[in-house]
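Colleague: Numbering (this note's numbering), first residue to last: 2 to 372. Ideal Cβ positions, reconstructed from N, Cα and C, are used throughout, including at glycine. Just so it is clear, the structure is predicted and the values come from calculations on it, not from any experiment.
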Ligand SMILES: [Fe+2]
Ligand SMILES: [Fe+2]
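1. Sorry if obvious, but does the Cβ on residue 314 come closer than 7 Å to a heavy atom of ligand 2?
2. Using C-beta distances below 7 Å, list every residue in its chain close to residue 24, excluding the 5 sequence neighbours before and after it, in chain order.
3. Put residue 128 into one of helix, strand or coil per three-state DSSP.
4. DSSP has residue 112 in a bridge; who is on the other side?
5. Any heavy atom of ligand 2 inside 7 Å of the beta-carbon of residue 204?
6. Taking the beta strand (DSSP E) that residue 75 belongs to, which residues open and close that run?
7. Quick one, are the C-beta atoms of residue 71 and residue 27 less than 8 Å apart?
8. From residue 66 to residue 118, what distance separates their C-alpha atoms?
9. Report the three-state DSSP secondary structure of residue 334 (helix, strand or coil).
10. Look at the alpha carbon of residue 112 and the alpha carbon of residue 138, and state the distance between them as a whole number of angstroms.
11. Would you mind listing the beta strand (DSSP E) stretches within the stretch 242-327 that are 3+ residues and don't spill past its ends, in chain order?
12. Report the three-state DSSP secondary structure of residue 34 (helix, strand or coil).
13. Going by alpha carbons, who is nearest to residue 109 out of 96, 90, 84, 97?
14. Our contact map puts residue 333 next to residue 307 with C-beta atoms below 8 Å; I'd like the distance itself, whole angstroms only.
15. Roughly how many angstroms separate the alpha carbons of residue 209 and residue 261, rounded to a whole number?
16. With C-beta atoms as the reference, is residue 317 less than 8 Å away from residue 232?
17. Need the endpoints of the beta strand (DSSP E) that residue 100 sits in, please.
18. Of all Cβ atoms in chain C, is any one closer than 8 Å to the Cβ of residue 94?
19. Check whether the Cβ atoms of residue 344 and residue 294 lie closer than 8 Å to each other.
20. Could you give the first and the last residue of the continuous alpha helix (DSSP H) run that contains residue 225?
21. Output needed for residue 353: all residues of its chain with C-beta closer than 7 Å, excluding positions within five of it in sequence on either side, in chain order.
22. Please confirm whether any heavy atom of ligand 2 lies closer than 7 Å to the CB of residue 257.
23. My assumption, with CB atoms under 8 Å, is that residue 183 sits in contact with residue 234. Please give the rounded CB distance.
24. Over what stretch of residues does the alpha helix (DSSP H) that includes residue 89 continue unbroken?
25. Within the same chain, show all residues whose beta-carbon is closer than 8 Å to that of residue 59, passing over the 5 residues directly before and after it, in chain order.
26. Report the partner residues of residue 53 according to the DSSP bridge assignment.
27. Report buried or exposed for residue 157, applying the criterion of at least 16 other Cβ atoms within 10 angstroms of its Cβ.
28. Taking all protein chains shown into account, decide if residue 50 is buried (16 or more other Cβ within 10 angstroms of its Cβ) or exposed.
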């Protein structure tokens, strides 16, 4: 007959956290009849267990508070605190402990009730010692499995949490990398055109301020900022002589310039983790009235980021000096763009642009004061 030692030694070497206090094979017998306490105690000691006994519920609970047990054998019917009550409290004190009820034939329904409160099994009195031995082994084995299962679940939960955290970190690192790659591309591209220098970062900052002024959430604001930095990356594929050409472009030249949106989308295509920012880039030359490119979207069909970028792009183009004209100042530009509301610009975005530009002027003024 196998005892608990034999069971342990046949287990695989990889084991999860040991049960409670390793090596402690302590059993608590709770019964108001002394003969039963003595008989069961003697038998279980002969099987190698350390046995403590209690003659009533409160004494049992006191023992449980003091020490850990792997198993409690508990009589169902006792004067004072019933076996079911003892089980209910005991399960709270030590959820890992196996509990078996000892019951007379006419107490079977009560024993069944105890099962729903955390007892694993019940033994009918009079108890055959061989039955007791098997039941104890069964209960302890079941207890061990439950603890192992819980440990495995805990390990899985911890592993999942760890992986999630790592993934979040990787995502953040990838995002940072994306931005720095984009910056390099943008710098390389803007270096080709002195009038474009700084355009993307100015658009990014202003677009983020507008997104914020419109009440978009923090994620959306950051997507707008990123899209602002990336929006013209496709210009790297546009012929330099056309990019730098002073004056009006021919129809063919303009068609070529329009391709920068498509080129940009192709360059950014591998960055699958920033789909929202990509949509904003795609939409930055759409017009509110549907006359823009590349898709001719109108109104709210255009992503909010696309509508914001269109406004900032226009603002920055007008306030920057070009080979063929001087820069306009901010007030003039805002007035000028007022005529574009409903055509190029979304009315709400225009209002937010106005607010942001006004606020920018105030900040500059305060900066000037402080020297
Ligand atoms: Fe553009
Ligand atoms: Fe632009």
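Modeller: Let's see:
1. yes
2. Model confidence at residue 24 stands at a pLDDT of 47, short of 50, so the residue's coordinates are unreliable and nothing is read from them.
3. coil
4. Residue 112 pairs with nothing; no bridge assigned.
5. yes
6. 72-76
7. yes
8. 19 Å
9. helix
10. 19 Å
11. none
12. coil
13. 84
14. Going by Cβ atoms, the distance from residue 333 to residue 307 rounds to 25 Å, so no, they are not a contact pair.
15. 22 Å
16. no
17. 99-104
18. Checking the listed chains, one finds no chain C in this structure; it contains a single protein chain.
19. no
20. 219-231
21. 211, 214, 215
22. no
23. 6 Å
24. 84-94
25. 81, 82
26. 29
27. exposed
28. buried
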